[in-house]
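Residue numbers (my numbering): 3 to 227.
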């Protein structure tokens, strides 16, 4: 594996995908219908829900109604505030039996929703792609007072989530072969962990094979296995 090439390809992907998502005008309810398990999108830090449209469209084509949470905006708020916004919007949507599908920070938000008694009954589980459940050693002390401070391995948010182990069996954590943003990887003890053959932090959520895998794991969780 050429790690430098992985970083270059990932950066190139973000370089076009981020502005494309900012310019996209897809309506939030555009993918809200389908016969299979409903999916709720949770983007990563500094990503809008439209950043995940390649994944969302593939899941919708496979039969899933897909619901974004636009109130998260570009998702740079503290974890507790993100959870509150997501919780309020979930309540307004009235979606039942849904599976959360998340990228990066979105996986942390998703786990807080599974531990919240006001939303837990609405949700079957969480499929997270490249989420730093154990934090990231790249969250250096200089970032403590920034949104990136959330990912400090010894920080309050990561330690608090790590202590909430009862919901881990309802989580599927999909990690890449090597993740430049999460060198420690995305393995979560007690969850169903899947490692991709491909590397990178950002490109997996735009990959057709990963979308198929996410679909399979959504249905696995929905079946209560």
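We treat Cβ as the ideally placed atom computed from N, Cα and C, and that holds for glycine.
The three-state reading of DSSP puts residue 133 in coil, since its state is none of H, G, I, E or B.
Residues of the same chain with a CB within less than 8 Å of the CB of residue 156, apart from the 5 flanking positions on each side, are 137 in chain order.
Where residue 211 is concerned, the enclosing alpha helix (DSSP H) starts and stops at 210–224. By the neighbour-count criterion, in which 16 or more other beta carbons inside 10 Å mark a residue as buried, residue 162 falls on the exposed side.
Taking 9 Å as the cut-off, the Cβ atoms of residue 193 and residue 175 count as close. Around residue 36, the same chain offers 62, 65, 66, 67 as residues with beta carbons nearer than 7 Å, after the five sequence neighbours per side are excluded. The way I'd put it, the stretch 166–182 does touch the stretch 102–118; three or more beta-carbon pairs between them come closer than 8 Å. Residue pairing by DSSP places residue 108 in no beta bridge whatsoever. Taken in chain order, the whole beta strand (DSSP E) runs of length 3 or more contained in the stretch 34–88 are 41–44. Your pair residue 201 and residue 8 checks out as a contact, with CB atoms roughly 4 Å apart and the cut at 8 Å.
The three-state reading of DSSP puts residue 22 in helix, counting H, G and I together.
Take residue 34, set aside five residues on each side of it, and the residues of its chain with a beta-carbon closer than 8 Å to its own are 67, 68, 69, in chain order. Taking residue 135 as the centre and dropping the five residues before and after it, the same chain places the C-beta of 190 closer than 6 Å to its C-beta, in chain order. If you draw a straight line from the Cα of residue 96 to the Cα of residue 215, it comes to about 26 Å. Counting only runs of at least 3 residues, the stretch 152–219 fully encloses the following beta strand (DSSP E) elements, listed from N- to C-terminal order: 173–177, 194–197. Between residue 110 and residue 71 a beta carbon distance of about 14 Å is seen, past the 8 Å cut, so the two are scored as non-contacting.
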